[in-house]
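These notes are about the structure you will find just below.
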Amino acid sequence: MNHPCVISKSLLLQILCGYLLLRIILIMDSAIASTPTGNETDLEALLDFKSRIVEDPFKIMSIWNDSTHHCNWIGITCNISNGRVTYLRLEQLRLGGTLTPFIGNLTYLTILNLLNNSFHGEFPQEVGRLLHLQHLNFSFNNFGGSIPSNLSHCTELRVLAAAANNLTGTIPTWIRNLSSLSRISFGLNNFHGSIPHEVGLLSSLTALVLYGNFLTGTVPYSIYNISSLYYFTFTQNHLHGNLPANIGFTLPNLQVFAGAVNNLTGNVPASLLNASKLQILDLSLNSLTGTLPKNIGVLNRLTRLSFEYNRLGTGKTEDLSFLDSLVNCTALQVLRLGRNGFGGVLPQSIANFSRQLHTFVINSIGIHGNIPSGIGNLANLALIGLEGNRLTSNLPDTLGKLQNLQELYLNVNKFSGRIPSTLGNLSLLIKLFLEENNFEGSIPSSLGKCKKLLVLSLYSNKLSGTIPKEVISLSSLAIYLDVSYNALSGTLPGEVSRLHNLGELVLSENNFSGVIPSSLGSCISLERLQLQGNSFEGSIPQTLKNLRGLLYIDLSRNNLSGKIPQFLGEFTELKHLNLSSNNFEGEIPKNGIFKNASSIALYGNKKLCGGIPELNFPACTIKKVSLIRKLLAPKVVVPIASALIFVLFLSCFLTFFPMVKRARKKTSTSTTEKDLALGISYSEIMQCTGGFSQDNLIGSGSFGSVYKGTLSSDGSSVAVKVLNLQQRGASRSFFDECHVLRSIRHRNLLKIITAISSVDHQGNDFKALVFEFMPNGSLEDWLHPIDNVHNRTKTLTFIQRLNIATDVACALGYLHHFCETPIVHCDIKPSNVLLDNDMVAHVGDFGLATFLFEESSNTKQSIISASLRGSIGYIPPEYGMGGKPSTLGDIYSYGILLLEIFTGKRPTYEAFEGGMGIHQFVAMALPNHVMDIVDPSLAFEQDFDEESQEFEGEEKAIRRNYEIEPSAKGLVEDCFVSLMQIGVSCSSTLPSERMLITEVINKLHSIKSSFMN
């Protein structure tokens, strides 16, 4: 019998096990109790992520705060069971900054999507710790360096998208470790070296994007054996070699196959017809030979077929027989076959091509015959390129049925007959090229209905008659109008004044006569003026002095007479001047271009004299006239008589002036106020704005508020600026603005309708200005929209921004140089740039403007100035040091505005610190890193789908790039560099270093021409 105090071994073992079990339970309970719904490590990583964000236009990071659990923050998804972050999706939010290395602590992360933001720096190696990661997308950012080698540890990765960054190095061979990869997107980077054959070992690969790099060598044959591959593009690299003959059998699932802009050789494999799912087949800009399969139309899902710029074809009639089969491709949108060796004619079957076809280019290949009239059935066509062939006969009238046509290239052919008047029905047409043909008859006046036309080229035909007023007044023409080398006659209509956006006017080698109209001086954007080889007579109009941007002038071989105007020597941009073979007389100027004999031609003007010695003209002689004849000459007698009369008048004036002054003092009222009373009462203004309702309030400023109103007289919309007369300076601002607006008129200045100076219903003074209403608001609204994350609709394209920048520059050019008295605006900023229905910019708010008075013989130049003028960030530095307002001050503000337009950053951007401003920020990026600072929404103006379609969204973005010429990527970057250089020059600290506004206008027009061409 055991002692009662003795515990058996078995019982002791049970107690010990129970104790241990209890401890385990307590430890687990403690762990569970201490684990929040989201792990603290994740929270710390997210907060560090937030701390590195310096750009956040939609204020996403402000929502990342402790008022809500981090699993409920925008872009975050957590696992329900353990509270760990599994999704981090912040695509398309325009976030900027560097990426935290603590991203590697989100160890349960399966999706990391940063698509289309502005992150920069190197992508952290710590991402290699995310062993559960399946989806990684940081495309369309500014990341540099190489792909993190630690990514090789993420063996569950299925999507790796790093397109459109600044990544360098080679495509890593360790990519073979990521055996689960189905999608790789490395396009638009700076990768070099060869494509590693290890890529071909990824047997699950469905999409491979290598577009826009510097890859060399050949495409490894192992890639052509990945039967699951449906999307494969290696366009725009330096790859060479032949395509495998069996490619259509080894890649039967291909939907997109693009290898354009490389050095591929050999034939187009007939086996491609086996890849029946093909939608895009683009092998343009290579050196392929042979022909295309005659039954290529069996690929009936094709949307794009492009083989331009190759060596295809034999020059024989049957070369284009494959076109007949394309009637089966009912989804075809783009057909590009130009710049090859095809022969033959355009078949009648093109009338049955896809109704979705919008691009039809078969240029410079030597085809003959005519254009089938059935082309009018292709109602969706936007571009027709048939230039550089041997096409003959008349143009079909049915071209006028193509209501969506924007570009028509029929130049350098052998067309004859009249230009169809039906072309006037093409209301969307922006480019029309008909030069170097045999067209005859008159220019159809109906072309004046093409209100969007930028270019009209009709030179080297057999056209006759006068140039229609409807055409010469087509204000949309902005690039050039060329009707040279025809048989046109008559005078140049005065309506030429409406070509105020035109860059080049070429009327040479015709039979034009009469005088050069003075209205030509309104074409202030002209850079080239060519009127040579006509019968123009009379003198060069003085109004041409307004054309300060001219680079090239040729008026030779006419009947012009009179003196050579001095103002031609004041054109600082003028590089070539030809006035030869005319009847000019008198002394040759010696200023400006006249100092350079190699830049001017004056021969054939026998009555000219003087000039620089290199011109070899005789010296000018002065005839001696007797003193008596001089005194008796009318030019002397009349001034003497006038002086005597003036002395007599002055005596009378001094006698009666004091009495007149006293009488006037009693009866005079403010002339300015009388001028302001223009017929609209306070009651009418109150009624049209709904009693100054908050619903109609569209803006407010330092001196008042702006309301939208509707005039009862005609129902038109207006903007009513109501002055807050309690604000000091408001009344003065009102009179200053009226004074300025009364004397100016320009298409890019806000039009004033009337002004009101009255009393309200309480007897208080009331002053308001009524302007034309601008339905698209201010530039401020577009550059810095106050929108939430779900409503980001206000974006401006590159060309819209360029047009706005040009409009503002033209407005300043007018104010500074073409007003009777130069005007300084003093407050150029986005909120003072208003946009009409067509997105044309109008500069407004002249409350701070000032007049510059010309220097006179007995007074120094003076300026009306009371205080520091302008808005913070846009005020030139010299104003802060007591400098007076000047045109160079406006140019500084304009330079800051230009940089803001293209970077999307305000000059008061909070990340600018320590003396850094937008000027320095941009200057440091020029020229090699300019694309790093461009507004991200400009870098690629594309739309992206949700997560389930995001890769397809990238595909769309890259597909659209196929429309760009091979060098266009560099040309677009050059445009940005040029624009930023203008902005930096204009915003120089020293006024003397700033660019003149006329030079700015010329450069902007050149950039636009380059971009449009």
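According to UniProt numbering, the sequence shown is numbered sequentially starting from 1. Built from N, CA and C at the ideal position, the CB exists for glycine as well. Owing to the predicted nature of the structure, the values given are computational and were not obtained by experimental measurement.
Inset, instruction - Within its chain, find whatever has a CB closer than 6 angstroms to the CB of T289; leave out the 5 residues flanking it on each side and keep chain order. - result: The residues R311, in chain order, have a CB closer than 6 angstroms to that of T289 in the same chain once the five nearest residues on each side in sequence are set aside.
Inset, instruction - Write down the C-beta distance between F342 and L320 rounded to the nearest angstrom, noting that I regard them as a contact closer than 8 angstroms. - result: About 6 angstroms separates the two Cβ atoms, so the contact holds.
Inset, instruction - Can you tell me which of K452, L208, L560 and G880 puts its alpha carbon nearest to the alpha carbon of G604? - result: When only C-alpha atoms are compared, the closest one is L560.
Legend entry - Range of the contiguous alpha helix (DSSP H) that encloses R801: Segment F798 to G813, the alpha helix (DSSP H) holding R801.
Inset, instruction - Label A619 either buried or exposed according to how many other C-beta atoms from any shown protein chain fall within 10 Å of its C-beta, with 16 as the threshold for buried. - result: Burial call: exposed.
Legend entry - Cα-Cα separation, I472 to G212: Our two residues, I472 and G212, have alpha carbons roughly 43 angstroms apart in a direct line.
Legend entry - Close-in-space but distant-in-sequence residues of the same chain around G610 (CB under 7 angstroms, 5 per side omitted): Take G610, set aside five residues on each side of it, and the residues of its chain with a beta-carbon closer than 7 angstroms to its own are E587, I588, F617, A619 and C620, in chain order.
Legend entry - Through-space distance from T155 to I24, alpha-carbon basis: With a pLDDT of 48 at I24, under the threshold of 50, the modelled position of this residue cannot be trusted; read the value that follows with caution. Counting only the Cα atoms, T155 lies some 34 angstroms from I24.
Legend entry - For D554 and L531, believed in contact at Cβ under 8 angstroms, the rounded distance: With 8 angstroms as the limit, L531 and D554 qualify as a contact, their Cβ atoms being about 7 angstroms apart.
Inset, instruction - State the DSSP-derived secondary structure class of Y892, mapped to helix, strand or coil. - result: In the structure shown, Y892 sits in a helix (DSSP, three-state: H, G or I).
Inset, instruction - List the DSSP bridge partners of T754. - result: T754 is bridged by DSSP to V770.
Legend entry - Contacts around S778, its chain only, beta-carbon distance under 8 angstroms, and the 5 residues preceding and following it disregarded: Apart from sequence neighbours up to five positions away, the residues of its chain that approach S778 with a beta-carbon distance below 8 angstroms are G699, P830, S831, N832, V833, L834 and L835, ordered along the chain.
Legend entry - Whole-angstrom C-beta distance between L481 and N510, which should lie under 8 angstroms: Going by Cβ atoms, the distance from N510 to L481 rounds to 13 angstroms, so no, they are not a contact pair.
Legend entry - Beta-carbon separation (whole angstroms), L215 vs F191, contact threshold 8 angstroms: Sure, about 6 angstroms apart at Cβ, within 8 angstroms.
Legend entry - Cα-Cα separation, N582 to E537: Their Cα atoms are separated by approximately 9 angstroms.
Legend entry - Host beta strand (DSSP E) of H135 (start-end): H135 to N137 is the extent of the beta strand (DSSP E) around H135.
Inset, instruction - Could you pull out every residue in the same chain whose Cβ sits closer than 6 angstroms to the Cβ of residue 1017, ignoring the five residues on either side in sequence? - result: This structure cannot settle anything about residue 1017, because the visible part of the chain is limited to 1 through 1013.
Legend entry - Strand pairing of R577, partner residues [DSSP]: At residue 577 the sequence reads Leu, which differs from the Arg that was named. Answer is I553 and I600.
Legend entry - Beta-carbon proximity of S364 to N394, cut-off 8 angstroms: Between S364 and N394, the CB-CB gap reaches or exceeds 8 angstroms.
Legend entry - Limits of the beta strand (DSSP E) - the one that K607 falls within: Following the DSSP letters along the chain, one finds K607 inside the beta strand (DSSP E) bounded by residues K607 to G610.
Legend entry - Element boundaries [beta strand (DSSP E), containing Q530]: Its beta strand (DSSP E) spans residues R528 to Q530.
Inset, instruction - Rank L285, G424, M931 and I756 by C-alpha distance to the C-alpha of K721 and give the top, closest one. - result: The residue with the shortest Cα to Cα distance from K721 is I756.
Inset, instruction - Look at F976 and V930 and say whether their C-beta atoms are less than 8 angstroms apart. - result: Closer than 8 angstroms, so yes.
Inset, instruction - Please classify V647: is it buried, with 16 or more other beta-carbons within 10 angstroms of its beta-carbon, or exposed? - result: The predicted model places V647 with a pLDDT of 45, which falls under 50 and marks its position as unreliable; any figure quoted below should be read in that light. With fewer than 16 Cβ atoms within 10 Å of its Cβ, V647 is classed as exposed.
Inset, instruction - Following the continuous beta strand (DSSP E) through S271, name the residue where it begins and the one where it ends. - result: Per DSSP, S271 lies in no beta strand (DSSP E) and is assigned neither H nor E.
Legend entry - Q861 versus K884: straight-line alpha-carbon distance, rounded: Note that Q861 has pLDDT 31, beneath the 50 cutoff, so the model's placement of it is unreliable and the number below is only indicative. C-alpha separation (whole angstroms): 11 angstroms.
Legend entry - Coil, strand or helix - P723 by DSSP: The sequence given here places Leu at residue 723; Pro does not occur at that position. Here L723 sits in strand by DSSP.
Legend entry - Where V759 falls, given that 16 or more other Cβ within 10 Å makes a residue buried: Burial call: exposed.
Inset, instruction - Let me know the beta strand (DSSP E) ranges lying completely inside the segment 442-519, each 3 residues or longer, listed in chain order. - result: Those beta strand (DSSP E) runs which fall completely within the segment 442-519 and span 3+ residues are 455-457, 462-465, 480-482, 487-490, 504-506 and 511-515.
Inset, instruction - Pull up the DSSP beta-bridge partners for H192, would you. - result: Partner residues in the beta bridge of H192, as assigned by DSSP, are F214.
Inset, instruction - Below 8 angstroms on the Cβ atoms is my guess for E126 versus I147; work out the distance and round it to an integer in Å. - result: Actually they do not touch by this definition, with Cβ atoms about 14 angstroms apart.
Legend entry - Minimum C-alpha distance to Q134 - residue among S475, N142, G128 and I111: Shortest Cα-Cα distance from Q134 to any of S475, N142, G128 and I111 involves I111.
Inset, instruction - Take the Cβ of R745 as the centre, count every other Cβ of all protein chains shown within 10 Å, and call the residue buried at 16 or more, exposed below. - result: Counting Cβ neighbours within 10 Å, R745 comes out exposed, since fewer than 16 surround it.
Inset, instruction - With a cut-off of 8 angstroms on the beta carbons, I'd call L505 and L529 a contact; round off their distance for me. - result: Contact flag correct, Cβ pair sits at about 6 angstroms.
Legend entry - Rounded C-alpha distance that separates L996 from T170: Taking the straight line from one Cα to the other gives about 46 angstroms.
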